[in-house]
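Mapping of the sequence shown onto the working numbering: residues 339 to 598, in sequence order. The C-beta atom is built at its ideal place from N, Cα and C for all residues, glycine as well. Just so we're clear, the structure is a prediction, and the values are computed from it rather than from any experiment. Structure record follows, encoded as structure tokens.
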Amino acid sequence: MAGAVFSPDAALPGLTVVPSPNHGPRAAGAVVDLLVLHYTGMPDGPAALLRMCQAEAQVSAHYMVEEDGTVFQLVPEARRAWHAGVACWRGRADVNSHSIGIEIVNPGHEFGYRPFPAVQMQAVTALCRDILSRHPAISPGGVVAHADVAPARKEDPGELFDWRFLAAQGVGLFPSPGEGQATPADAAALLRRIGYPLGDGDAETPDGLRAALVAFQRRYRPADLSGQPDAQTLAMLSAVAQALSGQGPKKGPEKAPEEG
Ligand SMILES: [Zn+2]
Numbered sequence: 339m340a341g342a343v344f345s346p347d348a349a350l351p352g353l354t355v356v357p358s359p360n361h362g363p364r365a366a367g368a369v370v371d372l373l374v375l376h377y378t379g380m381p382d383g384p385a386a387l388l389r390m391c392q393a394e395a396q397v398s399a400h401y402m403v404e405e406d407g408t409v410f411q412l413v414p415e416a417r418r419a420w421h422a423g424v425a426c427w428r429g430r431a432d433v434n435s436h437s438i439g440i441e442i443v444n445p446g447h448e449f450g451y452r453p454f455p456a457v458q459m460q461a462v463t464a465l466c467r468d469i470l471s472r473h474p475a476i477s478p479g480g481v482v483a484h485a486d487v488a489p490a491r492k493e494d495p496g497e498l499f500d501w502r503f504l505a506a507q508g509v510g511l512f513p514s515p516g517e518g519q520a521t522p523a524d525a526a527a528l529l530r531r532i533g534y535p536l537g538d539g540d541a542e543t544p545d546g547l548r549a550a551l552v553a554f555q556r557r558y559r560p561a562d563l564s565g566q567p568d569a570q571t572l573a574m575l576s577a578v579a580q581a582l583s584g585q586g587p588k589k590g591p592e593k594a595p596e597e598g
């Protein structure tokens with residue numbers, strides 16, 4: 339069963355609307371301040387698109403980006419798409435009510451994880467920039483991986499996704515490693531400051547801490563997914579936390595829009 343046809347939010351060339359029925363209203367008063375990136379984790383793009391448009395699947399995302407760069411919009415941005423599941427960021431659950439979700443086509447760790455082609459990365463970047471222009475409350479720290487907001491359950495989009503490239507294009511952040519004096523004992527506090535959940539709900543557990551460290555490493559130290567806070571991981575933790583300090587969810591655009 340298809341969802342109702344709608345006008346696309348993004349003015350991107352070649353964008354195709356493929357309505358999904360899998361969405362609902364956002365929580366009352368919810369401000370969109372997160373952008374969540376996923377991989378599809380299915381054998382191919384058409385299979386993922388089909389699944390997200392089947393009512394019984396109960397899953398969707400606002401957008402899907404194919405490996406050739408084709409962008410599909412499945413759910414209007416004003417609606418709550420069902421992409422993040424049980425998740426938490428900066429101590430807040432109901433990530434779906436506060437986010438836009440993008441599914442990036444890749445078979446994922448289950449079906450043959452492979453690099454994201456350059457043309458796909460460029461399309462993802464253009465789409466992210468377009469979304470950020472419409473949702474100024476999404477700060478650089480609000481651009482997250484599905485694995486970041488659900489580290490105990492999820493790996494996507496994973497260690498092959500080029501967050502450094504994205505940050506260089508103005509989407510999210512990728513600071514240079516800091517020279518700080520952080521020790522392994524500081525890892526939990528730094529992860530929490532950045533936004534990671536360290537267990538179920540408010541409970542912090544050793545497994546939760548390790549899962550959050552692996553999620554952080556997938557993104558900022560992909561050569562080491564040990565979940566151990568080694569010197570490089572600690573240097574990146576400090577740098578990211580520092581880059582975010584004082585930068586809560588944005589209240590408005592960082593700079594005035596250009597005239598014209
Ligand atoms: Zn996901």
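Whole-angstrom distance between residue j and residue i, CA atom to CA atom
i      : j      : result
LEU600 : LEU582 : For the chain, the structure presents residues 339 to 598; residue 600 sits outside this window and is missing.
PRO449 : ASP382 : The sequence shown places Phe at residue 449, rather than the Pro named in the question. Going by the C-alpha atoms only, they are around 9 Å apart.
ALA505 : PHE499 : 12 Å
GLY367 : ALA416 : 12 Å
PHE344 : PRO363 : 15 Å
LEU529 : PRO567 : 11 Å
GLY439 : VAL482 : 10 Å
PHE512 : ARG502 : 6 Å
LEU563 : ALA385 : 29 Å
LEU372 : TYR451 : 25 Å
MET459 : GLY510 : 14 Å
PRO544 : TYR534 : 14 Å
ALA569 : GLU497 : 19 Å
ALA520 : GLY429 : 23 Å
ALA365 : PHE454 : 33 Å
LEU551 : ALA395 : 31 Å
ASN561 : GLY379 : The sequence given here has Ala at residue 561, not Asn. Distance between the alpha carbons of ALA561 and GLY379: 21 Å.
GLU542 : HIS436 : 23 Å
Those residues which DSSP pairs with residue i across a bridge
i      : result
GLU441 : HIS376, MET402
GLY479 : Answer is none; GLY479 lacks a bridge partner.
PRO411 : One point to set straight first is that residue 411 is Gln, not Pro, in the sequence displayed. Its beta-bridge partners are VAL355, TYR401.
HIS436 : HIS436 is not bridged to any residue.
ARG430 : TRP427
ALA419 : HIS361
Any non-hydrogen atom of ligand 1 closer than 7 Å to residue i Cβ
i      : result
HIS361 : no
HIS473 : no
HIS447 : no
HIS484 : yes
HIS376 : yes
ASP494 : yes
Residues of its chain near residue i, where Cβ-Cβ distance is below 8 Å and the 5 sequence neighbours each way are ignored
i      : result
VAL676 : Since the first residue shown for the chain is 339 and the last is 598, residue 676 is missing from the structure and cannot be characterised.
ILE532 : GLY479, PHE554, LEU575, VAL578, ALA579, LEU582
Identity of the residue in the options nearest residue i by Cα
i      : options                        : result
ALA461 : VAL409, PRO495, HIS376, VAL482 : VAL409
GLN392 : ALA342, VAL374, PHE512         : ALA342
ASP468 : VAL457, PHE454, TYR401         : TYR401
TYR558 : ARG548, ALA573, ASP545         : ALA573
ALA349 : LEU511, CYS466, TRP427         : CYS466
PRO522 : ARG548, PRO346, PHE512         : ARG548
ARG556 : CYS426, VAL433, HIS484         : HIS484
PRO351 : ALA464, ASP524, LEU563         : ALA464
ALA456 : ASP562, GLU405, ALA541         : GLU405
THR571 : GLY510, ALA526, THR543, ALA395 : ALA526
TRP427 : PRO453, PHE454, GLN396, ILE476 : ILE476
ASP347 : LEU551, LEU470, GLU394         : LEU470
Contacting residues, own chain, Cβ-Cβ under 7 Å from residue i (five flanking each side not counted)
i      : result
SER398 : SER358, ASN360, HIS361, MET390, LEU412, VAL413, ALA419, TRP420, HIS421
LEU387 : VAL356, MET402, PHE410
PRO591 : Summary for PRO591: the model assigns pLDDT 42, below 50, so the residue's position carries little reliability, and this model does not support an answer.
ASN434 : ARG418, ALA419, TRP420, HIS421, ALA422
GLY508 : ARG467
Spatial neighbours of residue i in its chain, beta-carbon cut-off 6 Å, leaving aside the 5 residues before and after
i      : result
TYR377 : ILE442, ASN444, GLY446, ASP494, PRO495
HIS473 : VAL370
GLY546 : LEU536, GLY537
ASP486 : ALA553
PRO515 : ALA573, MET574, ALA577
GLY518 : SER576
LEU375 : ILE440, ALA483, PRO495
GLY407 : VAL457, GLN458, ALA461
GLY565 : ARG548, LEU551, VAL552
Residue i beta carbon near ligand 3 (any heavy atom closer than 7 Å)
i      : result
PHE512 : The model on display carries ligand 1 but not ligand 3.
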